[in-house]
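In terms of my numbering, the sequence shown opens at residue 1169 and continues consecutively.
Ideal Cβ placement from N, Cα and C applies to all residues, glycine included.
Note that this is a predicted model, so its numbers are computed, not measured.
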Amino acid sequence: MTTTVSPTGGRVGRIHIDLLTLGLVSAIVLLGLVMVTSASITIASRGGGDPFGYLERQLVLVMFGCVVAAGAFLVRTDLLERLALPLLALSVLLLVLVAIPGIGHMVNGSRRWLRIAGISVQVSELTRILVLVWVASYAVRREAELRSSLLGLLKPLAVLGVFVGLLLLEPDFGAAAVLLSVGFALLFIAGARWRDVIGLAAVCVAGMAALAIAEPYRLERLQTFLNPWQDPFASGFQLTQSLMAIGRGGWTGVGLGESVQKLFYLPEAHTDFLFAVLAEELGLVGVVVTLGLFLALSLRVLWVARQAHEAGLKFQSYLAAAFGIWVGLQAFINIGVNMGALPTKGLTLPFMSYGRSSMISALVWFGIVLRVYHETAVAARGATATSLRGGSAERAGVARSAMGAQA
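Here is the structure:
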C-alpha cells in the first residue's frame, strides 16, 4: 500500500494494492517464463534461430501487459458499469468481423484472429472480459428479477447463447464452453434460484454435449480422449506424448531443460501443453506447486470478491468473482487436457503459456481485480471513518449532557 503525493507535497490519495494477489500472479508469470524458455528452446533454435526468441517475445508481452494492466487499474469500475452495454456491442462487432473471410485471419482451419498493424489478435480473449462485465452489470441492475423468476436468468443466458454461437462459428468450442460456464456461475453467485440453475444447467450441458458430437473433428477428439493409445501415431499422438512426458517426471522430474518430449515429439509444447513439459522436468513437486499457486490465486480473488460484496460494491464483487472463477476453471481444463482427464481443447494455461492475446487479456483482468481491491479498501476506510465520526459526535453529546447536568 503506497501513498501518492502532489507536486506541492500534499497528500492526494492512497493506493491500496493487494500484495498477496500481486505476489501469486508474479510467481505464476515467472514460472511460466522459465517453462516457456525450456519448452521452446529447441523449436526456436531450428534453422539457426535465436534459442531465446520465444522468451524475449514473452517478456515483451508481459511488460506490455503490465502497462495495460496498470491502465486498467486506473479505470474506475463505475465507468465500466456504465459502459457495459456499449462494451457488449463492441464484443458482437469483433466476433462478427473475425468471422468475415478476408478480415478474420485463419490459422489451422480456425478463423479466430484479427490482423491489427501486422499483429494477430485473438478476439475471444478480449470479448470474454467485455461480455462478463455486462453479465456483472446485469446481475446488479436486475437483481430482484434474477432472484425471483426464471425469466431473469433466461435473459442473460440468451445473450450468452449469442456469443457462444459466434464463437462456435470460428470455431472455438473451448472458449465458448468457458464463457458459458463462467457466466452461468456468476449468475448463480448473484442469486439465481437453485431450481432454475439446476434445470438450465442440465439443458446447457446437454446442448454442449450435442454440439461436441455434431462435428466429426469434435467427435474424433472425444474418441481419442477415451482411448488415445488406439491410434497413438495420428489422432492420439499429442495426448500420448503428453502422458509420456508427465509419466517420465516422477517425483522430482528429469531436471529443468532436460525434457525429451519437447524435442519435436510433443506438439504445442510451449503453448497448450506447457504443463506436460513442466511435469516432466519438475516432477510431482513442480505439479503440486503449480496447482497450489492457481488454487491460492482463485481463492484469494474470491476472497476479494467477498470483501467487495460486504462493502456494498456488488458490481465490483461480481467482476472479481468472474476472474477468480475463470482463472481456476481454465487452469483446471488445461491441466486436465494435459493429463488426459478431459478432451483436447485449445485453451492456454493462464499467465504461463506462450501467447499474445491470452497473456495480455489475463493481465488486464488482473488489473481490474486490483482496482476492485483498491475501491473496496477505500469504501471500508470511508465506512470506518464515518463510524468513528459518529462515535465521536455521540461521545461529545454525552459530555455536553453531563456538563449541563452538573451545571
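- Note on Pro1518: 16 or more other CB atoms within 10 angstroms of its CB, so buried under the neighbour-count rule.
- Trp1533 is classed as buried because its beta carbon has at least 16 other beta carbons within 10 Å across all chains shown.
- Ranked by Cα distance from Ala1307, the options Ala1548, Ala1488 and Lys1482 are led by Lys1482.
- If you ignore the 5 residues before and after Ala1369, its C-beta comes within less than 8 Å of the C-beta of Phe1352, all in its own chain and listed in chain order.
- Its Cα nearest to that of Ala1476, the residue Leu1487 stands out among Ser1466, Leu1487 and Leu1467.
- One alpha carbon belongs to Val1243, the other to Val1457, and they sit about 33 Å apart.
- Contact annotation, Arg1315 with Gly1342: C-beta distance approximately 31 Å; criterion of less than 8 Å not satisfied.
- Taking C-beta atoms as the reference points, Trp1281 and Ser1288 count as a pair closer than 7 Å.
- Gly1508 and Leu1407 do touch by the CB rule: their CB atoms are close to 6 Å apart, below 8 Å.
- Counting along the chain, Gln1290 sits inside no alpha helix (DSSP H); it lies in the beta strand (DSSP E) bounded by residues Ile1287 to Gln1290.
- Spanning the alpha carbons of Gly1423 and Trp1362 requires a straight line of approximately 48 Å.
- Ile1268 sits in coil when the DSSP states are folded into three classes, being neither helix nor strand.
- Beta bridge pairing from DSSP links Arg1283 with Ser1288.
- DSSP lists no beta-bridge partner residue for Ile1414.
- One alpha carbon belongs to Phe1462, the other to Leu1227, and they sit about 21 Å apart.
- Assignment of Arg1524 by DSSP, reduced to helix, strand and coil, places it in the helix class.
- When secondary structure is reduced to three states using DSSP, Ile1185 falls in the coil class, being assigned neither helix nor strand.
- For the 7 Å CB-CB criterion, Ala1413 and Glu1448 form a contact.
- CA-to-CA, the gap between Asp1364 and Leu1348 works out to about 16 Å.
- If you compare the alpha carbons of Ala1548, Leu1318, Val1428 and Val1236 with that of Leu1531, the shortest gap goes to Val1236.
- The beta strand (DSSP E) runs of length 3 or more contained entirely in the stretch 1234-1269 do not exist; there are none.
- Sequence-distant partners of Gly1523 (beyond 5 residues in either direction) whose C-beta falls short of 7 Å from its own C-beta, in its chain, are Thr1439 and Thr1516.
- In this structure, Ile1503 places its C-beta atom within 7 Å of the C-beta atom of Phe1443.
- Asn1506 sits buried, since 16 or more C-beta atoms from the chains shown fall within 10 Å of its C-beta.
- For Val1301, the closest of Leu1253, Leu1263, Gln1290 and Ile1268 by C-alpha to C-alpha distance is Leu1253.
- The C-beta of Ile1381 has fewer than 16 other C-beta atoms within 10 Å across all chains shown, which makes the residue exposed.
- In this structure, the alpha-carbon of Val1264 lies about 21 Å from that of Lys1323.
- Out of Phe1401, Phe1220, Leu1255 and Leu1188, the CA that lies nearest to the CA of Val1202 is found in Phe1220.
- Following the DSSP letters along the chain, one finds Trp1471 inside the alpha helix (DSSP H) bounded by residues Leu1442 to Glu1478.
- Less than 7 Å separates the beta-carbon of Leu1336 from that of Ala1344.
- For Met1527, the CB contacts under 6 Å within the same chain, skipping 5 residues up- and downstream, are Leu1229 and Gly1233 in chain order.
- By a beta-carbon distance limit of 8 Å, Gly1454 does not contact Val1469. Their separation comes to about 23 Å.
- Taken atom to atom, the span from the alpha-carbon of Pro1339 to that of Ala1489 is near 27 Å.
- For Pro1324, the enclosing alpha helix (DSSP H) covers residues Leu1318 to Leu1336.
- DSSP places Tyr1486 in the uninterrupted alpha helix (DSSP H) bounded by Lys1482 to Asn1506.
- Collapsing the DSSP output to three states places Val1428 in coil.
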